[in-house]
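In order, the protein sequence lines correspond to chains X and W.
So the first sequence is numbered by the numbering used here: it starts at 1 and just counts up by one.
So the second sequence is numbered by the numbering used here: it starts at 1001 and just counts up by one.
Here is the structure we will look at.
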Amino acid sequence: MPSEPSAPRFKVYSSSHLFQTQLLHLQVTTFEESAFIWAGVDGNEVLGNLAVAMPPPTFNGNTLSTSSTTILTKEIEETSKQLGQKLASKFGKQFFVSINLPDQMMFSFVEKIILNTLKDIYS
Amino acid sequence: MNTGTISPEQSRSSTKFPLQTKQAARVINDKILVIITQYGKVGSLAYVTFDSLSSKSLSSFSTNVTTDVNFLLGGFSSLYQFYALHIATIIANENPNDRRSVVIGLALKDAVNGEDVDNKEIINCIELMVRECKVW
Chain X
1 MPSEPSAPRF KVYSSSHLFQ TQLLHLQVTT FEESAFIWAG VDGNEVLGNL AVAMPPPTFN
61 GNTLSTSSTT ILTKEIEETS KQLGQKLASK FGKQFFVSIN LPDQMMFSFV EKIILNTLKD
121 IYS
Chain W
1001 MNTGTISPEQ SRSSTKFPLQ TKQAARVIND KILVIITQYG KVGSLAYVTF DSLSSKSLSS
1061 FSTNVTTDVN FLLGGFSSLY QFYALHIATI IANENPNDRR SVVIGLALKD AVNGEDVDNK
1121 EIINCIELMV RECKVW
């Protein structure tokens, strides 16, 4: 039975964090059963490395693996894609992820914040 | 942390049709993100870029500028292609010195209560909302 559309409700959760000397911005926008996550560095706010991940489907009682792909990127980096996959698997929703951070340490720092933010949103 | 809904000047909703059509625009330095949805979801994603050309070249809606529409996710219909192009052109005309590419999310209904949607009314409604929602 196809699902019925419901009244759209957007919510935006923005926060800024200091990592060593760099100011980082994070924005989570929630939609119906999906979310858009953006993270970037102050002064270089770009929408790059965009990836989308779908929640894992269930087939014959078995949960299959999560699907994700990059949809707008100039680099071969897959940070957004991997994070999207993790989030879709954990929260069971569609995630659009755009992580625009220069190094892995910064990303690990932001990833924890994203997870905590989403836990608060979806609790 | 700031939480809550998008500020009024950045979102619009129309109740002209039985269901609300909500739009949100978010401006980042290198792109403009616009989501127009009747399903509460992002939907199909189109990426529209602008190229400035000499005055002798052929152009679409605007003079001296051509647009290139690429679908990043879903929506390979000519109708959505038209909607994306139209929305991007409106944004370009509203802000002529800015040639940031536009990422447009579209999730629109084909029919409401069993009746086909009038595409002309939809595009007029979308045009009105985009013009009102100035975040650029």
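Ideal Cβ placement from N, Cα and C applies to all residues, glycine included.
- Message: For the alpha helix (DSSP H) containing X:Phe91, name the first residue and the last one.
- Response: 79 to 91
- Task: Provide the residue(s) that pair with X:Ala39 in DSSP beta bridges, ordered along the chain.
- Result: X:Leu26, X:Ile99
- Touching by the beta-carbon criterion (3+ pairs, under 8 angstroms), the region 57 to 76 of chain X and the region 32 to 42 of chain X: no
- Message: I'd like to know if the region 50 to 67 of chain X and the region 101 to 119 of chain X are in contact, where contact means that at least 3 CB-CB pairs between them fall below 8 angstroms.
- Response: no
- Query: Along chain X, which residues have their Cβ under 8 angstroms away from the Cβ of W:Tyr1047?
  - Reply: Leu72
- In the structure shown, what three-state DSSP assignment does X:Val110 receive? helix
- Query: Using CA coordinates, which residue listed in X:Ile113, X:Phe95, X:Ile121 is at the minimum distance from X:Leu24?
  - Reply: X:Ile113
- Using the C-alpha atoms, what's the distance from X:Ala39 back to W:Gln1038? 26 angstroms
- Message: Distance check for W:Thr1049 and W:Ser1059, CA to CA, integer angstroms please.
- Response: Annotation note: pLDDT 49 at W:Ser1059 (below 50); position unreliable, coordinate value reported separately. So the two alpha carbons sit approximately 13 angstroms from each other.
- For X:Leu47 versus W:Leu1033, is the C-beta spacing smaller than 8 angstroms? yes
- Task: Using a Cβ cut-off of 8 angstroms (strictly closer), state whether X:Glu45 contacts chain W.
- Result: yes
- Query: Within this structure, are the beta carbons of W:Leu1085 and W:Thr1067 separated by less than 8 angstroms?
  - Reply: yes
- Identify the contact partners of X:Glu33 in chain W, using a Cβ-Cβ distance below 9 angstroms as the criterion. Gly1040, Lys1041
- W:Ile1104 vs W:Ile1087 beta-carbon contact at 8 angstroms: yes
- Go ahead and pull the three-state DSSP assignment for X:Ile76. coil
- DSSP three-state call for X:Gln94: helix, strand or coil? strand
- Query: If you run the structure through DSSP and keep just helix, strand and coil, what is X:Leu47?
  - Reply: coil
- How many angstroms separate the CA atom of W:Leu1045 from the CA atom of W:Lys1109? 15 angstroms
- Starting from the C-beta of X:Leu64, find all residues in its chain whose C-beta is less than 8 angstroms away, skip the five residues before and the five after it, and write them out in chain order. Pro56, Pro57, Thr58
- Message: I'd like to know if W:Val1034 contacts chain X, where contact means its C-beta is closer than 8 angstroms to some C-beta of that chain.
- Response: no
- The alpha helix (DSSP H) enclosing X:Lys11, as first and last residue numbers: Here X:Lys11 belongs to no alpha helix (DSSP H); instead the beta strand (DSSP E) covers 11 to 19.
- Task: Could you tell me if X:Lys74 is buried or exposed, where buried requires 16 or more neighbouring beta carbons within 10 angstroms of its beta carbon?
- Result: exposed
- Message: If we define contact as Cβ-Cβ less than 8 angstroms, is X:Val97 a contact residue for chain W?
- Response: no
- Message: Helix, strand or coil for W:Ser1077? Go by DSSP, reduced to three states.
- Response: coil
- Determine, using beta carbons only, whether W:Asp1110 comes closer than 8 angstroms to chain X. no
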